[in-house]
């Protein structure tokens, strides 16, 4: 499913990771070891080029759709499972399910792998934390599937860290979503 609304990249904005933060991350023992190991297996490879490539890929780690984060929670919400009962909720009808104000907390642990086959492979772990406060959302459900999201007010806060160094942080801010997000064939309720 490709909803294509707002991503974490949009939420955190076009901020570059601050130089002092990069210096702090670069000083981490794991990164220093990576630099030494890389130099040992491939002395002709410049560390600066490798490091710049790692930093450039942080943007790609944030390519996570906010709607998909919300749907991952909602499709397993026990109060929505009742809409899977075709006798009570005929499949040829749509039903609106208003959601109370609620908070969704989401944690993601993507990685960047630095690899020179077959000599070298090192993983750099990241932690992305996101907290969404949602108010006034309504789900349109048909045949046990969430077909549309009628959005309301969405506020969020979050951090992006690498080895306990905060690279990006957003204290709290509004997240702009379209008024209605059409999910096409829909997202089945009660399935992982």
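In our numbering, the protein residues as written are 433 to 624. The C-beta atom is built at its ideal place from N, Cα and C for all residues, glycine as well.
- Rounded to whole angstroms, the gap between the alpha carbons of residue 541 and residue 495 is 13 Å.
- Looking only at 549, 482, 454 and 476, the smallest Cα-Cα distance to residue 466 is reached by 482.
- For residue 476, no beta strand (DSSP E) run applies, since DSSP gives it neither H nor E.
- In this model, residue 518 and residue 461 are separated by some 58 Å (Cα to Cα).
- If you check the CB distance, residue 538 and residue 503 do not come in under 9 Å.
- Within the model, the alpha-carbon separation for residue 501 versus residue 479 is close to 35 Å.
- In the structure shown, residue 462 falls within a helical segment according to DSSP collapsed to helix, strand and coil.
- For residue 608, there is no enclosing beta strand (DSSP E), as DSSP gives it neither H nor E.
- Secondary structure note for residue 443: its alpha helix (DSSP H) is the uninterrupted segment 440–444.
- In this structure, DSSP gives residue 531 a state outside helix and strand, which the three-state scheme calls coil.
- Put simply, the backbone Cα of residue 531 is about 17 Å away from that of residue 622.
- Burial check for residue 581: the Cβ neighbour count within 10 Å reaches 16 or more, so the residue is buried.
- A residue is called buried once 16 or more other Cβ atoms fall within 10 Å of its Cβ, and residue 499 is buried on that count.
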